[in-house]
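A.B. asks: Could you have a look at this structure, given as structure tokens, before my questions?
Number of protein chains: 2
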Amino acid sequence: MAATLDGGLTLDGILVVDLTHVLAGPFATMHLAQMGARVIKVEQPGRGDEARGFAPFRDGQSLYFASVNAGKESIALDLRVAADRLVFEGLLARADVLAENFRPGTLAGLGYEWPELHHRYPRLIYGSITGFGSEGPDADRAAYDIVLQAMGGLMSMLGPAGSAPIRSPMQIADLTAGLYLAHGIVAALYQRERTKQGSRVDISMLDCQAAFMCTHLTTALATGALPERTATRHPWIAPYEAFAASDGWLIVGAPNDQLFARLCEVIEQSQLADAPLFRTNELRVKHRDELAALIGAVLRGRPLAEWILRLDAQGVPCAPVQSVMELARNSSIVHRAMLRKLPTPAGPLHVVGSPLGAGFCGESSAPPGLDRDRAAILALAAAAG
Amino acid sequence: MAATLDGGLTLDGILVVDLTHVLAGPFATMHLAQMGARVIKVEQPGRGDEARGFAPFRDGQSLYFASVNAGKESIALDLRVAADRLVFEGLLARADVLAENFRPGTLAGLGYEWPELHHRYPRLIYGSITGFGSEGPDADRAAYDIVLQAMGGLMSMLGPAGSAPIRSPMQIADLTAGLYLAHGIVAALYQRERTKQGSRVDISMLDCQAAFMCTHLTTALATGALPERTATRHPWIAPYEAFAASDGWLIVGAPNDQLFARLCEVIEQSQLADAPLFRTNELRVKHRDELAALIGAVLRGRPLAEWILRLDAQGVPCAPVQSVMELARNSSIVHRAMLRKLPTPAGPLHVVGSPLGAGFCGESSAPPGLDRDRAAILALAAAAG
């Protein structure tokens, strides 16, 4: 790739001082580590990143922690203790980026407010994730992923009609905020090339949920109508939903008349394509219950793999509903090496690679034990001081 | 903000030639436009971006289209016609970025393959989104959001135990891919400062789903156990779920003993905190059905707003399950100006701002009508040629 003509990764030479914990923040700095930045986790002595204590474990290694902390280094520092503050400030003097996801005001309470940081380290970029922004009316509210899924509108829309709330177990509020922080930090690095100044990236998880609700917000505010819960169905396309095969679930989507006609052929119900109830997408949406019943009655008679083969052969959009394990073994995931097997003290573990791929990102290394890299990091901090 | 000391936005001066359509691609270039890039939509004559035809409409304006295309320009070009190709190539000669989300091979079929593009325009960054990567075993499979939610594992986990599949109506597969493309393009711009070379950003929607499944993939592959469907519940924390108040749903989370004790006080059931069944989080997870029944019986007796006030006063993590409209009116969203009211030919419409905020992003303008900016764009292309 042209991108690596000079043999370097995107963030080679960039130093990140990483105060993040649990998921949103570590997911952000995972992306920076994948792109070649040196990411130093500064952790509370004794316990470290709270996620180190999250089950399940393998040989004492939290799998949750391992999943987002590969390729990083660790030092334990108590930021209330003078000697440790000196080390921390030695690191900041060298750093390009400081990242954290404490509650608002935590870092300022330790004497590291942004105006002060910016004055002392003018090239330092300071990125944070909070639930509702670093200040403002809800700044003190606890910012768990489930809280943001509830307040961000997602939970009000998920599920079949009349459903009780459902949480996305893909931690969408934490992860979007983490990705926006990584994106904002790279944007700030690019901006710094011109301005020669670091800047502040102040990510609110609720803002990120709003950004991901873009189509629904514009539509609801213009029409006054709220999106309805429709399980898998699309509000304006039919058929476009999940059906049960004899041995599992599949998705079938036929968003136009040609694809609907081909679907009808595959299920050997060609007469449906011209039936007065189903002739156009508008009619199919109107009579979607009847349509789904007719299609469903055929699909449930044969196995998933057979339907996927037959639908694929006709170019009808379809997909199996895959488990996490089937995702891991999916041929495209394997082909693109999206899962990396890392040797760790707890044996080999798989972690995700970067969707940006080899032009930008490199190999990874085992998630660090608490304080694992103390000597090298102390040397770095002293060299800078 | 220090970031705007020189009065500029992050991507001021950057030109994006934007062949994207529907959602994933336009969401990516929306982020570039918000950061100040000049984004020129190159659309098919006649129909334009397919999303222009998506209901609901206001005065002929698709609200879906409007939600992700503010701040962009539009020209209609037929890339199979020589004169239009000349205009397109005039734009490429000036452009920093070319973005598209066609099926794999479409742009190559028009004579614009990456090696050729890179040879002719060495500083050009080429970003694409496909379902499964630009080549590989599933490259030809249709890449609707619902297909990727099904294949990416999310759909297998969403919902209560035994549930039929549920789709996230927040189009999580399209939107994560769009955000990764924006992130990758900014990374490529930063990299170009050093290499002086453009590069290729080849985003696979399935890779993006895998990245967002990071904790579940590492855990499932190490333990062999699949995540269970648990509606809103957390697998390892209780209580941490939705409860019905007398007039709506709320989330309550008490991940440790202190918060659980405070929750018990709020619901006037202090004896629960020391009950043998519920004394530790481990016990609470084991007896979560009994616990949820006891808490739920109290919570359903009073209105949502009252519980939120009382739980907030004790610092117990909680949240209302908000509709999209309540999200729009949320005090933090208003405080941070995350929704922008744009004057458009179809009257004022609201669109989302950027979570990166004012240090990086500027004001927006109305989504373009098809071919609206033809004259200015032709002049730009000719000036470059």
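Residue numbers (the working numbering), protein chains in the order written: chain A, 1 to 385; chain B, 386 to 770. Glycine included, C-beta positions come from ideal geometry on N, C-alpha and C. In this text the structure is predicted, and so the values were computed from the model without any measurement.
Residue ranges of each alpha helix (DSSP H) run of no fewer than 4 residues wholly in the region 212–243 of chain A, ordered along the chain?
C.D. replies: Whole alpha helix (DSSP H) segments, 4+ residues: 214–223.
A.B. asks: To the nearest angstrom, how far is it from the Cα of Ala-629 of chain B to the Cα of Ala-139 of chain A?
C.D. replies: Each residue's alpha carbon lies about 25 Å from the other.
A.B. asks: So for Leu-404 of chain B, helix, strand or coil by DSSP?
C.D. replies: Coil, per DSSP.
A.B. asks: Return the chain-ordered list of same chain residues with a C-beta closer than 6 Å to the C-beta of Leu-495 of chain B, the five sequence neighbours on each side being excluded.
C.D. replies: If we look at Leu-495 of chain B and ignore the five residues flanking it on each side, its Cβ neighbours are Leu-464.
A.B. asks: Does DSSP classify Phe-27 of chain A as helix, strand or coil?
C.D. replies: Correct three-state label for Phe-27 of chain A: helix.
A.B. asks: Once the 5 residues before and after Ala-677 of chain B are set aside, which same chain residues still bring their CB inside 7 Å of it?
C.D. replies: Taken in chain order, the residues that qualify are Pro-624, Glu-626.
A.B. asks: Using only the heavy atoms of the ligand MG, determine whether one of them is closer than 7 Å to the beta carbon of Gly-732 of chain B.
C.D. replies: In the structure on display, the ligand MG does not appear, and there are no ligands present to speak of.
A.B. asks: For a cutoff of 8 Å on Cβ pairs, would you count His-406 of chain B as touching chain A?
C.D. replies: Output row for His-406 of chain B: interface = no.
A.B. asks: Name the DSSP bridge partner or partners of Gly-512 of chain B?
C.D. replies: B:Ala-484, B:Val-586.
A.B. asks: What are the residues that DSSP puts in a beta bridge with Glu-43 of chain A?
C.D. replies: Paired residues: A:Ala-76.
A.B. asks: Just to make sure I have the definition right: I need the residues of chain B whose C-beta is within less than 8 Å of the C-beta of Cys-208 of chain A. Which are they?
C.D. replies: Here the neighbours are Pro-740.
A.B. asks: Less than 8 Å between the C-beta atoms of Ile-570 of chain B and Gly-410 of chain B, yes or no?
C.D. replies: No, they are not a contact pair.
A.B. asks: Give me the chain A residues within the contact set of Val-709 of chain B, using Cβ-Cβ distance strictly less than 8 Å, ordered along the chain.
C.D. replies: Near Val-709 of chain B (Cβ distances below 8 Å), the residues of chain A are Gly-153, Ser-156, Met-157, Met-213, His-216, Leu-217, Ala-220, Leu-226, Pro-227.
A.B. asks: Nearest to Leu-689 of chain B by CA position, among B:Trp-634, B:Gly-433, B:Ala-413, is which residue?
C.D. replies: Ranking the options by Cα distance to Leu-689 of chain B, first place goes to B:Trp-634.
A.B. asks: Answer yes or no: do Thr-771 of chain B and Thr-414 of chain B have a C-beta to C-beta separation smaller than 8 Å?
C.D. replies: Chain B is shown only over 386 to 770; residue 771 of chain B falls outside these bounds and no answer can be derived.
A.B. asks: Consult DSSP for Met-1 of chain A and reduce its assignment to one of helix, strand or coil.
C.D. replies: Residue confidence is low: Met-1 of chain A scores 35 on pLDDT, short of 50, so the model does not pin down where it sits. Its coordinate-derived value is still stated next. In the structure shown, Met-1 of chain A sits in coil (DSSP, three-state: anything other than H, G, I, E or B).
A.B. asks: What is the rounded straight-line gap between the Cα of Gly-512 of chain B and the Cα of Glu-675 of chain B?
C.D. replies: About 52 Å.
A.B. asks: Starting from the N-terminal side, write out each stretch of the alpha helix (DSSP H) that is 4 residues or longer and does not extend beyond the region 643–672 of chain B.
C.D. replies: Segments of the alpha helix (DSSP H) lying fully in the region 643–672 of chain B: 666–671.
A.B. asks: Can you find a CB in chain A that lies within less than 8 Å of the CB of Asp-587 of chain B?
C.D. replies: Taking Cβ atoms only, chain A reaches closer than 8 Å to Asp-587 of chain B, which makes this a yes.
A.B. asks: Quick one: residues in its chain with C-beta nearer than 6 Å to the C-beta of Gly-544 of chain B, no 5 flanking neighbours on either side, listed in chain order?
C.D. replies: Answer for Gly-544 of chain B: Ile-551, Arg-614, listed in chain order.
A.B. asks: Who are the neighbours of Asp-138 of chain A on chain B, taking C-beta pairs under 9 Å?
C.D. replies: Within chain B, the residues near Asp-138 of chain A are Asn-715, Ser-716, Ser-717, His-720.
A.B. asks: Going by the DSSP bridge assignment, what does Ser-354 of chain A pair with across the sheet?
C.D. replies: Looking at the DSSP assignment, Ser-354 of chain A forms no beta bridge with any residue, so it has no partner.
A.B. asks: Please confirm whether Trp-621 of chain B has its beta-carbon closer than 8 Å to some beta-carbon of chain A.
C.D. replies: So, interface residue.
A.B. asks: I believe Thr-223 of chain A touches Pro-441 of chain B by the beta-carbon criterion, under 8 Å. Please report the beta-carbon distance rounded to the nearest angstrom.
C.D. replies: Contact flag correct, Cβ pair sits at about 6 Å.
A.B. asks: Looking only at its chain, what residues have a beta carbon closer than 8 Å to the beta carbon of Ala-220 of chain A, apart from the 5 residues adjacent to it on each side?
C.D. replies: Cβ neighbours of Ala-220 of chain A beyond the five flanking positions: Leu-226, Pro-227.
A.B. asks: Using a beta-carbon distance cut-off of less than 8 Å, what residues from the region 184–197 of chain A approach chain B?
C.D. replies: So the list reads Gly-184, Val-186, Ala-187, Ala-188, Leu-189, Tyr-190, Gln-191, Glu-193, Arg-194, Thr-195, Gln-197, given in the order they occur along the chain.
A.B. asks: Check the Cβ of His-350 of chain A against every Cβ in chain B and list those closer than 7 Å, keeping chain order.
C.D. replies: Within 7 Å Cβ-Cβ: Leu-602, Thr-603, Leu-606.
A.B. asks: Can you check whether the C-beta of Arg-307 of chain A is within less than 8 Å of a C-beta belonging to chain B?
C.D. replies: For clarity, residue 307 of chain A is Trp in the given sequence; the question names Arg instead. Trp-307 of chain A does not count as touching chain B.
A.B. asks: Would Arg-443 of chain B pass as an interface residue toward chain A - the criterion being a Cβ-Cβ separation below 8 Å?
C.D. replies: Yes - at least one Cβ of chain A is within 8 Å of the one on Arg-443 of chain B.
A.B. asks: Taking the alpha helix (DSSP H) that Leu-377 of chain B falls in, what are its first and last residues?
C.D. replies: Given that chain B is displayed from residue 386 to residue 770, the structure contains no residue 377 of chain B and the question cannot be resolved.
A.B. asks: Could you have a look at Leu-495 of chain B and say whether DSSP puts it in helix, strand or coil?
C.D. replies: Note: Leu-495 of chain B maps to coil in three-state DSSP.
A.B. asks: Counting pairs of Cβ atoms below 8 Å between the region 498–512 of chain B and the region 315–324 of chain A, do you hit three or more?
C.D. replies: Contact between the region 498–512 of chain B and the region 315–324 of chain A is absent, because fewer than three Cβ pairs lie under 8 Å.
A.B. asks: Can you grab the Cα-Cα spacing for the pair Ser-459 of chain B / Leu-148 of chain A, in whole Å?
C.D. replies: Answer to the nearest angstrom: the Cα atoms are 36 Å apart.
A.B. asks: Give me the Cα-Cα distance between Gly-738 of chain B and Phe-212 of chain A, rounded to the nearest whole angstrom.
C.D. replies: Roughly 11 Å separates the two Cα atoms.
A.B. asks: Within 10 angstroms of the Cβ of Gly-90 of chain A, are there 16 or more other Cβ atoms? Answer buried if so, exposed if not.
C.D. replies: Classification for Gly-90 of chain A: buried.
A.B. asks: For the alpha helix (DSSP H) that contains Leu-327 of chain A, what are its first and last residues?
C.D. replies: Run containing Leu-327 of chain A: 324–329, per the alpha helix (DSSP H) assignment.
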